[in-house]
Amino acid sequence: MNKKTWKVGELAKQTGLTVRMLHHYDKIELFSPSQSSDKGHRIYTETDIAKLQQIMSLKQLGFALDEIKGMIGNPNLNPIEVIKVQLESVKESIRIQEQLCIRLERIYELLNSQQEVTAEQFINLIEVINMNKDKYFTPEQQEKMFKQIGLEERKQYVSEWSEITAKIRVEYEKGTPPENLDVTQLAKQWNDFLDKLTFKDPEISKAAERYYKANPEIGEKFGIDKQLSDYIKKAMLNS
Numbered sequence: 000m001n002k003k004t005w006k007v008g009e010l011a012k013q014t015g016l017t018v019r020m021l022h023h024y025d026k027i028e029l030f031s032p033s034q035s036s037d038k039g040h041r042i043y044t045e046t047d048i049a050k051l052q053q054i055m056s057l058k059q060l061g062f063a064l065d066e067i068k069g070m071i072g073n074p075n076l077n078p079i080e081v082i083k084v085q086l087e088s089v090k091e092s093i094r095i096q097e098q099l100c101i102r103l104e105r106i107y108e109l110l111n112s113q114q115e116v117t118a119e120q121f122i123n124l125i126e127v128i129n130m131n132k133d134k135y136f137t138p139e140q141q142e143k144m145f146k147q148i149g150l151e152e153r154k155q156y157v158s159e160w161s162e163i164t165a166k167i168r169v170e171y172e173k174g175t176p177p178e179n180l181d182v183t184q185l186a187k188q189w190n191d192f193l194d195k196l197t198f199k200d201p202e203i204s205k206a207a208e209r210y211y212k213a214n215p216e217i218g219e220k221f222g223i224d225k226q227l228s229d230y231i232k233k234a235m236l237n238s
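Residue numbers (numbering that gives the first Met the number 0): 0 to 238.
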């Protein structure tokens, strides 16, 4: 960029901003050109470009235009500090995107290797662990769930757990009493696989239970609604 001055259209094209936006900034006296040509064209200088960079950095950091206007007018504003804060914000954004990429790769791995278990079941399993997981599971619990069980082993547990859930559902719909021996045995098997998925960690189990209570539609997709859950709990008391 060798030019020392820019017309509004040239500045818009080179920065990716719109002429309309630059006109608006001029209208609200946030960012106006320092010069004008004999024909009345707006002319921006290198000093203006430096000011525009500060404005866009502050906007990217989430400040409102009226707040930016006050900050830009402050003679104590340190442009180096603005860049530093924006750099930290960008690094944090990159970190979040990298974490999102890791989560998507895990989901892809599960779906790509599925056999008996349906894609919907795998997606919902990942939802339990990942969707809003920071709200329900501590970093230590997340580490345990991801690091201490292999993909194939986890897939097998979920497959067998889902099969047992379906069998219990059949008994429930038949009206079989929860204290029935066959039901109590199924409930015990169901709970054993759940223990494998939660590592018999009571805190992970509680976190998962909180998640299901807050998101009942997730459990229903697995075939576990409140009625079946209560039925299983009653059977567990008799196992």
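The C-beta atom is built at its ideal place from N, Cα and C for all residues, glycine as well.
Note that this is a predicted model, so its numbers are computed, not measured.
- In this structure L10 is in contact with Y43, their Cβ atoms being roughly 5 Å apart against a cut-off of 8 Å.
- The residues Q53, in chain order, have a CB closer than 7 Å to that of P78 in the same chain once the five nearest residues on each side in sequence are set aside.
- Put simply, the backbone Cα of L185 is about 24 Å away from that of E202.
- Taking C-beta separations shorter than 7 Å and ignoring five residues to either side along the sequence, the partners of L21 in its chain run V7, L10 and A11, following chain order.
- Separation of Y230 and A165 (C-alpha to C-alpha, rounded to the nearest whole angstrom) is 13 Å.
- Contact between K233 and P177 is confirmed by a C-beta separation of about 4 Å, below the 8 Å threshold.
- The alpha carbon of A207 has as its nearest neighbour, out of Q140, K154, G174 and L236, the alpha carbon of Q140.
- Closest in C-alpha terms to L86, from the list L57, E159 and Y24, comes L57.
- Considering only D37, E28 and S33, the residue with the shortest C-alpha distance to E66 is E28.
- Excluding residues up to 5 positions away in sequence, S56 lie with their Cβ nearer than 8 Å to the Cβ of I82 in the same chain.
- Within the region 4-33, the complete alpha helix (DSSP H) runs of at least 4 residues fall at 7-14 and 18-26.
- With fewer than 16 other CB atoms across the displayed protein chains lying within 10 angstroms of its CB, D194 is exposed.
- Under the DSSP assignment, T44 falls outside any alpha helix (DSSP H), being part of the beta strand (DSSP E) whose first and last residues are R41 to T44.
- Residues of the same chain with a CB within less than 7 Å of the CB of L51, apart from the 5 flanking positions on each side, are F30 in chain order.
- Within 10 angstroms of the beta-carbon of R41 lie 16 or more other beta-carbons, which makes it buried.
- Excluding sequence positions up to five before and after E45, its CB lies within less than 7 Å of the CB of K3, all in the same chain and listed in chain order.
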